[in-house]
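Numbering (our numbering), first residue to last: 6 to 179.
Just so you know, even glycine gets a beta-carbon here, dropped at the ideal spot from N, CA and C.
Note that the structure is predicted; figures quoted are calculated from it, not measured.
Read through the structure below, which is laid out as structure tokens, and then see the notes.
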Amino acid sequence: MAKTSVTFRLDSELAARLKDAAEKSGGKLTQVQIVEAALADKFAVRDSGRLLAKVNESQQTALTLVKEQSAALTEFQEKVRTGISGFATRLHDDVEQLERSVTQEMRGTNASVNALQQQVAGMIGTMRQIEHGVQQAAETRLATWQLLALGILIGLATFGAGVIGLNLWQRLTG
């Protein structure tokens, strides 16, 4: 049978118990029995079967705790995943709604700008018509003054011709 060597890192209390168990046996116990005696004394268990049962019970308790913690962690991860997914969905929906609102607002603004541009174009057209009318009125007024001046000149010429004619007549008739 092959020899097996096992190295334990012991705390001072357990080392003292091992030494005490070895001294009490007086060399009659094997190393395994000495370790069992020290462990049994430390854990208040008198035989290795009970010690093994206690270790198994501790392992089962630890395993149960690990499973419970794992389940709780999985549940928490699922809640976080669901929460993040829900938040992402709401954020996506909010962004889409904002995009629709901005698009609608831009369309309304564009329509308002187009209507304003049409009003300005109409006002420019009206201003051009007024300018043309003023220009025509100025030309008409100028023509009126010119005609009036011409009429006055004709009148003066006629009057002058009449005076000359009268003078001639008086000279001729004596």
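On the criterion of 16 or more Cβ atoms from any shown chain inside 10 Å, does L155 qualify as buried, or is it exposed?
The residue is exposed, with fewer than 16 neighbouring Cβ atoms inside 10 Å.
Considering only the beta carbon of each residue, do L23 and V37 sit closer than 8 Å?
No, the Cβ-Cβ distance between L23 and V37 is not below 8 Å.
In angstroms with no decimal places, state the Cα-to-Cα distance between G31 and T66.
Each residue's Cα considered, the two are about 38 Å apart.
According to DSSP, is G88 helix, strand or coil?
Looking at G88 - three-state DSSP - the assignment turns out to be helix.
In angstroms with no decimal places, state the Cα-to-Cα distance between E136 and R146.
Whole-angstrom Cα-Cα distance: 15 Å.
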